[in-house]
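Trainee: Residue numbers (the numbering used here): 89 to 180.
The C-beta atom is built at its ideal place from N, Cα and C for all residues, glycine as well.
Note that the coordinates shown come from a computational prediction; the quantities given were computed from them, not determined experimentally.
Here it is, the structure in full.
Set out below in structure tokens:
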């Protein structure tokens, strides 16, 4: 079974998501941005979601996590919860 590890940042708007992505791409640490801005409880751990299998997260997550480039910030990704930035940290 495919497994992946990822971290994410959850916010309310696409524009906020885009602004945070720009900050990260300009050198700000993903984990620091997650701790400061993410609405998800995982934000306290720098957005770390741990390791999970295909189908354990919402469909939009699966599409990015199991096909996107490793160690790259993906998003905004819209789900029923809001807008996410995702970073896939490992996949097997």
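Return yes when the Cβ of residue 105 is within less than 8 Å of the Cβ of residue 163, no when it is not.
Mentor: Their beta carbons are under 8 Å apart, which means residue 163 touches residue 105 by this criterion.
Trainee: Please name the residue or residues paired with residue 136 in a DSSP beta bridge.
Mentor: DSSP output for residue 136 lists 95 as bridge partner(s).
Trainee: Do residue 148 and residue 160 come within 8 Å of each other at the CB atom, strictly closer than that value?
Mentor: Taking 8 Å as the Cβ cut-off, residue 160 and residue 148 do not qualify as a contacting pair.
Trainee: In terms of alpha-carbon separation, which member of 89, 98, 92 lies closest to residue 166?
Mentor: Closest option to residue 166, Cα to Cα, is 98.
Trainee: Assign residue 131 to one of three DSSP states: helix, strand, or coil.
Mentor: In the structure shown, residue 131 sits in a helix (DSSP, three-state: H, G or I).
Trainee: Name the two residues that bound the continuous beta strand (DSSP E) containing residue 185.
Mentor: Absent from the structure is residue 185, since the part of the chain shown begins at 89 and ends at 180.
Trainee: So, with DSSP's three-state summary, where would you put residue 116?
Mentor: Correct three-state label for residue 116: coil.
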